[in-house]
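K.L.:
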Amino acid sequence: MSRPARKFCLPASSLVHSAPVVASDLNDTSRFKVSGSRDRPSREPAVREACLVVMYGESIGRRISLTAAPLCIGRSAESDLQFEEESVSRNHCRIDPTIGAGGVPESWSVSDLGSTNGTYVNERGVESAVLNHGDHLQIGRNILKFLVSGHIESAYHEEIYRLVTTDGLTNLPNRRAFEDAMQREFSRSTRYVRPLSLLVIDIDHFKKINDVHGHLAGDAALRQFATLLKANLRRDDFAGRMGGEEFAVLLPEIDDAGARLTAEKLRLLTARHRFVFEEAVMPLTISVGVATRTPSDQDPMEIYRRGDELLFAAKRTGRNRVHG
Numbered sequence: 002m003s004r005p006a007r008k009f010c011l012p013a014s015s016l017v018h019s020a021p022v023v024a025s026d027l028n029d030t031s032r033f034k035v036s037g038s039r040d041r042p043s044r045e046p047a048v049r050e051a052c053l054v055v056m057y058g059e060s061i062g063r064r065i066s067l068t069a070a071p072l073c074i075g076r077s078a079e080s081d082l083q084f085e086e087e088s089v090s091r092n093h094c095r096i097d098p099t100i101g102a103g104g105v106p107e108s109w110s111v112s113d114l115g116s117t118n119g120t121y122v123n124e125r126g127v128e129s130a131v132l133n134h135g136d137h138l139q140i141g142r143n144i145l146k147f148l149v150s151g152h153i154e155s156a157y158h159e160e161i162y163r164l165v166t167t168d169g170l171t172n173l174p175n176r177r178a179f180e181d182a183m184q185r186e187f188s189r190s191t192r193y194v195r196p197l198s199l200l201v202i203d204i205d206h207f208k209k210i211n212d213v214h215g216h217l218a219g220d221a222a223l224r225q226f227a228t229l230l231k232a233n234l235r236r237d238d239f240a241g242r243m244g245g246e247e248f249a250v251l252l253p254e255i256d257d258a259g260a261r262l263t264a265e266k267l268r269l270l271t272a273r274h275r276f277v278f279e280e281a282v283m284p285l286t287i288s289v290g291v292a293t294r295t296p297s298d299q300d301p302m303e304i305y306r307r308g309d310e311l312l313f314a315a316k317r318t319g320r321n322r323v324h325g
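If you use the working numbering, the sequence shown closes out at 325, no skipped numbers anywhere.
1) In this structure, how does DSSP classify GLU87 when only helix, strand and coil are distinguished?
2) To the nearest angstrom, report how far apart VAL282 and GLN299 are at their CA atoms.
3) State the DSSP-derived secondary structure class of GLY103, mapped to helix, strand or coil.
4) From this set, PRO106, ALA102, MET183, SER80, which residue's C-alpha is nearest ARG95's C-alpha?
5) Below 8 angstroms CB to CB, which residues in the same chain sit around LEU217 once its five sequence neighbours on both sides are set aside?
6) Going residue by residue through the stretch 183-234, where are the continuous beta strand (DSSP E) segments of at least 3 residues, counting only ones entirely within it?
7) Contact defined as beta carbons within less than 8 angstroms: I believe ARG320 pairs with THR293. What is the distance between those atoms, to the nearest angstrom?
8) When the Cα atoms are used, what is the spatial distance from ALA260 to TYR305?
9) Please classify HIS324: is it buried, with 16 or more other beta-carbons within 10 angstroms of its beta-carbon, or exposed?
10) When DSSP labels each residue in this structure, what does GLY319 get in the three-state scheme?
11) Hey, could you find the ends of the beta strand (DSSP E) HIS137 is sitting in?
12) If you run the structure through DSSP and keep just helix, strand and coil, what is GLU124?
13) Within the chosen definition, does the stretch 309-316 reach the stretch 177-189 through at least 3 CB pairs nearer than 8 angstroms?
14) Which of the three DSSP states is assigned to THR167 in this structure?
15) On the DSSP letters alone, give me the boundaries of the beta strand (DSSP E) that GLU50 sits inside.
16) Please classify ASN123 as buried or exposed, where buried requires at least 16 other C-beta atoms within 10 Å of its C-beta.
17) Would you check if there are 3 or more beta carbon pairs closer than 8 angstroms linking the stretch 163-175 to the stretch 66-85?
18) Does the Cβ of ALA222 have 16 or more other Cβ atoms within 10 Å, making it buried, or fewer, making it exposed?
19) Please report the distance separating the alpha-carbon of SER60 from that of MET243.
20) DSSP three-state call for ARG95: helix, strand or coil?
21) Comparing alpha-carbon positions, which option in ALA264, PRO284, THR191 lies nearest LEU205?
22) ALA130 lies in the beta strand (DSSP E); which residues open and close that run?
23) Measure how close the beta-carbons of ALA227 and LEU173 come, nearest whole angstrom, since I'm counting them as under 8 angstroms.
24) My understanding is that ILE161 touches CYS52, with C-beta atoms under 8 angstroms, so please give their C-beta distance in whole angstroms.
25) Does the ligand COA have even one heavy atom less than 7 angstroms from the beta-carbon of GLY245?
26) Quick check on HIS324: does DSSP put it in helix, strand or coil?
27) Whole angstroms is fine: what's the gap from VAL201's alpha carbon to GLN225's?
28) In whole angstroms, what separates the C-alpha of LYS328 from that of ASP238?
29) Decide if PRO301 is buried, meaning its Cβ has at least 16 other Cβ atoms within 10 Å, or exposed.
30) Tell me where the alpha helix (DSSP H) around GLY259 begins and ends.
31) Could you give the DSSP three-state label for PHE1: helix, strand or coil?
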């Protein structure tokens, strides 16, 4: 079978900044379909459809439809799905359908093609694996989500709605979602005269992790820290990734003293935690700025700015400490 002439290509710059999802992009999926697929006959039996959705990178939210043809993924210009990024091998992996009755796909699997950095499904390195609905497929630094459904359009648009408010790498709420939550909690705290505190957190010397262990290890460290953070907060607390290695936590009903205790607990847990990527151990520490709402605050960003200033004070005085 000849290789499809049209392909989906992601630029290397896609991992530098995440572009917002634009409404006009959501329904424009024709550019991202692997060509070679055929129009289905009107009497073709009903079948589940499948696609990959880009979760991490500049092309966040883009959809690549899967067909009855294999999909080769890599850095090579000959790939059906090309990522122009150094962490992706020229021939990285392949998505293969299992063809059932009527010649239509019943399931899909991924096989690594001897890539340098490996192929990961749900953060587990695999040589070959059957893909299930919702699986996260990591190819180099690129993360895609596998969706399969009898109503693929509905599943896709549900995923897009989630992506608008969720950081694709850590699965934490993104800056937009955090600022929305901060406005809600600020209004509630002001109306009922209840305490509200905020932690602004930065991972110390994060650039060194990328320089020494590589960006894949850095991404893994961010995911592991996000998991540690979520596991050690109350149900009503709200954590988000603000960008890069900066995170923030809203603490409703917590005063300044309680917020400092929470920040110190998180600092100690992080310093003692064993962050590992493959066989590399990556010691991490955090600096934290702690701010609490005051009666004079007119806007939630006033609290955030104080927290940010206190974070930088923690950085200036040696890192791995809490200020506030």
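All C-beta atoms, glycine included, are put in the ideal place defined by N, C-alpha and C.
This structure is a prediction, so every number in the text was calculated from the model and none was measured.
P.N.:
The answer reads as follows:
1) For this step, residue 87 is matched to residue 86 along the sequence shown. DSSP places GLU87 in coil when its eight states are reduced to three.
2) Walking along the sequence shown from the start, residue 282 turns up at place 281. Walking along the sequence shown from the start, residue 299 turns up at place 298. Using only the alpha carbons, I get a separation of about 44 angstroms.
3) Along the sequence shown, one-based indexing puts residue 103 at 102. Here GLY103 sits in helix by DSSP.
4) Translated into positions along the sequence shown, residue 95 becomes position 94. Nearest C-alpha to ARG95: SER80.
5) What you label residue 217 is simply residue 216 of the sequence shown in a count that begins at 1. Cβ neighbours of LEU217 beyond the five flanking positions: SER88, ASN118, GLY141, ARG142, PHE278.
6) Listed in chain order, the beta strand (DSSP E) runs fully inside the stretch 183-234 are 197-204, counting runs of at least 3 residues.
7) Working through the sequence shown from its first residue, we reach residue 320 at position 319. Working through the sequence shown from its first residue, we reach residue 293 at position 292. In fact, because the Cβ distance is near 23 angstroms, the residues do not count as touching under 8 angstroms.
8) On the sequence shown, residue 260 is found 259 positions in, with the first residue counted as 1. On the sequence shown, residue 305 is found 304 positions in, with the first residue counted as 1. If I take the Cα positions, the gap works out to 14 angstroms.
9) Residue 324 sits at position 323 when you count from the first residue of the sequence shown. The Cβ neighbour count for HIS324, taken over all protein chains shown within 10 Å, is at least 16; the residue is labelled buried.
10) Taking the first residue of the sequence shown as position 1, residue 319 is located at position 318. GLY319: coil per DSSP, three-state reduction.
11) On the sequence shown, residue 137 is found 136 positions in, with the first residue counted as 1. Counting along the chain, HIS137 sits inside the beta strand (DSSP E) bounded by residues 137-140.
12) For the purposes of this step, residue 124 is taken as residue 123 along the sequence shown, with counting starting at 1. In this structure, GLU124 counts as coil in the three-state DSSP scheme.
13) Flag = no, the stretch 309-316 and the stretch 177-189 do not touch.
14) Looking up residue 167 in the sequence shown gives position 166. Strand, per DSSP.
15) Looking up residue 50 in the sequence shown gives position 49. Under the DSSP assignment, GLU50 falls in the beta strand (DSSP E) whose first and last residues are 50-57.
16) Position 122 of the sequence shown, counted from the first residue, corresponds to residue 123. So ASN123 counts as exposed.
17) Judged by Cβ distances under 8 angstroms, the stretch 163-175 makes no contact with the stretch 66-85, as fewer than three pairs qualify.
18) Counting from one through the sequence shown, the residue named residue 222 turns up at place 221. Burial check for ALA222: the Cβ neighbour count within 10 Å reaches 16 or more, so the residue is buried.
19) In the sequence shown, the residue the question calls residue 60 occupies position 59. In the sequence shown, the residue the question calls residue 243 occupies position 242. Near 19 angstroms, if we compare the C-alpha coordinates of MET243 and SER60.
20) The residue you call residue 95 lines up with position 94 of the sequence shown. ARG95: strand per DSSP, three-state reduction.
21) Counted from its first residue, the sequence shown places residue 205 at position 204. Note on identity: in this sequence residue 205 is Asp, with Leu being the wrong assignment. Nearest C-alpha to ASP205: PRO284.
22) Locating residue 130 in the sequence shown gives position 129, where the first residue counts as 1. It spans 129-131 - the beta strand (DSSP E) in which ALA130 sits, taken as one unbroken run.
23) Here residue 227 refers to the residue found at position 226 when the sequence shown is read from its first residue. Here residue 173 refers to the residue found at position 172 when the sequence shown is read from its first residue. So it is a contact: roughly 5 angstroms between Cβ atoms.
24) Looking up residue 161 in the sequence shown gives position 160. Looking up residue 52 in the sequence shown gives position 51. Contact between ILE161 and CYS52 is absent: CB atoms are separated by about 12 angstroms, not below the 8 angstroms threshold.
25) The ligand COA is absent from the structure shown, which contains no ligand whatsoever.
26) Indexing the sequence shown from 1 puts residue 324 at position 323. In this structure, HIS324 counts as strand in the three-state DSSP scheme.
27) For this step, residue 201 is matched to residue 200 along the sequence shown. For this step, residue 225 is matched to residue 224 along the sequence shown. Rounded to the nearest whole angstrom, the CA to CA distance from VAL201 to GLN225 is 18 angstroms.
28) With the chain represented from 2 up to 325, any question about residue 328 goes unanswered, as that position is not in the structure.
29) On the sequence shown, residue 301 is found 300 positions in, with the first residue counted as 1. PRO301 should be labelled buried.
30) By one-based count along the sequence shown, residue 259 stands at place 258. The continuous alpha helix (DSSP H) containing GLY259 extends over residues 257-273.
31) Not covered by the structure: residue 1. The range shown for the chain is 2 to 325.
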